[in-house]
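Participant: My questions will all concern the structure given below.
Residue numbers (my numbering): 3 to 256.
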């Protein structure tokens with residue numbers, strides 16, 4: 003096995019792994035984006051000063067980790083699609099949700115006013131069988147399906163949230179025109195399996211894993227303004243959390 007130095011990487015690592023790591027980092031950073039062509043084995047061997055066998059093993063490692071696809075006539079292409087992250091500290095702010103809405107494309111699946119179910123009435127804290135606005139949207143990133151979002155809102159929201167406006171503006175941005183400010187909310191995150199209909203819309207196999215995020219947003223007076231349930235593809239959406247160590251009172255020493 004060849005051991006040497008590639009760039010500034012430690013010489014203790016096998017050369018094939020150093021090459022693999024270098025290309026992996028460029029792919030995951032977006033420098034080599036989806037569909038980009040990678041150098042041939044011959045080009046890699048010359049670029050890094052290694053044998054063709056070493057270059058081939060590095061490419062094999064990329065392929066086995068789902069980063070590239072190797073084809074005889076078209077060469078090696080990047081197939082990795084970077085997941086879309088949320089706030090790095092795990093806390094979701096209203097501003098970050100609005101920014102997320104601007105960075106992605108939305109297609110309206112349905113927009114209707116109808117009677118609320120008992121569960122929806124309880125969520126919005128309204129009388130049973132009141133009419134509400136119910137919206138379902140498909141969210142895309144780079145023209146690829148990312149998730150399905152189902153939202154319910156009190157009927158008065160139709161004054162600010164029209165179907166036309168919702169197709170071009172984030173929901174929370176439209177709600178800000180109501181004169182009531184979103185001040186708080188609750189968020190529940192869970193893993194679910196895709197049902198047949200959602201799987202079809204998200205271009206997945208049935209029962210593929212999805213990340214389900216349910217949010218209830220409240221105004222300054224504590225009243226619910228919207229409840230959304232989003233189901234995202236697990237391979238295109240991720241949550242990143244920063245953990246802080248908090249000393250436990252029972253573990254303190256004098």
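Note that beta-carbon positions come from the ideal geometry of N, C-alpha and C, so glycine has one too.
1) Going along the chain, which unbroken runs of the beta strand (DSSP E) with 3 or more residues stay wholly within the segment 109–178?
2) Just to confirm, are residue 222 and residue 183 a CB contact at a threshold of 9 angstroms?
3) Distance check for residue 151 and residue 197, CA to CA, integer angstroms please.
4) Looking at the structure shown, is residue 58 part of a helix, part of a strand, or coil, going by DSSP?
5) How should residue 75 be labelled, buried or exposed, when 16 other C-beta atoms within 10 angstroms of its C-beta is the threshold for buried?
6) Pair every Cβ in the segment 163–182 with every Cβ in the segment 119–132, then say whether three or more of these pairs are closer than 8 angstroms.
7) Are there 16 or more other CB atoms within 10 angstroms of the CB of residue 202, so buried, or fewer, so exposed?
8) Considering only residues of the same chain and omitting the five flanking positions on each side of residue 160, which have a CB-CB separation below 8 angstroms?
9) Does the distance from the C-beta atom of residue 25 to that of residue 17 stay below 9 angstroms?
10) Ends of the beta strand (DSSP E) at residue 232?
11) Taking the beta carbon of residue 166 as the centre, do at least 16 other beta carbons fall within 10 Å, making it buried, or is it exposed?
12) With a threshold of 16 other CB atoms inside 10 Å of the CB of residue 256, please say whether the residue is buried or exposed.
13) Would you call residue 59 buried or exposed, if buried means 16 or more other Cβ atoms sit within 10 Å of its Cβ?
14) Give the single residue among 72, 185, 122 whose Cα lies nearest to the Cα of residue 155.
15) In the structure shown, what three-state DSSP assignment does residue 211 receive?
16) For residue 149, I'd like the list of residues in its chain whose CB is within less than 6 angstroms of its CB, leaving aside the five on either flank, ordered along the chain.
17) Go ahead and pull the three-state DSSP assignment for residue 29.
18) Give every residue of the same chain whose Cβ lies closer than 6 angstroms to the Cβ of residue 63, excluding the five residues on either side of it in the sequence, and list them in chain order.
19) Excluding five sequence neighbours on each side, which residues of the same chain lie with their C-beta closer than 7 angstroms to the C-beta of residue 37?
20) With DSSP collapsed to three states, give me the class of residue 221.
21) In the DSSP assignment, what residue or residues form a beta bridge with residue 191?
22) Starting from residue 199, follow the alpha helix (DSSP H) in both directions and report where the run begins and ends.
23) Nearest to residue 72 by CA position, among 153, 39, 126, 28, is which residue?
Facilitator: According to the data block:
1) 133–143, 146–156
2) yes
3) 14 angstroms
4) It is helical.
5) exposed
6) Taking a cut-off of 8 angstroms on C-beta distances, the segment 163–182 does not touch the segment 119–132, as fewer than three cross pairs fall below it.
7) exposed
8) 115, 135
9) Not closer than 9 angstroms, so no.
10) 226–235
11) Around the beta carbon of residue 166, a 10 Å sphere encloses fewer than 16 other beta carbons of the protein chains shown; the residue is thus reported as exposed.
12) For residue 256, the predicted structure reports a pLDDT of 46, less than 50, and the residue's modelled location is therefore unreliable. The matter cannot be settled from this model.
13) Buried, since its Cβ has 16 or more Cβ neighbours within 10 Å.
14) 122
15) strand
16) 141, 232, 233, 234
17) helix
18) 22
19) Hits under 7 angstroms: 79, 80.
20) strand
21) 215
22) 198–203
23) 39
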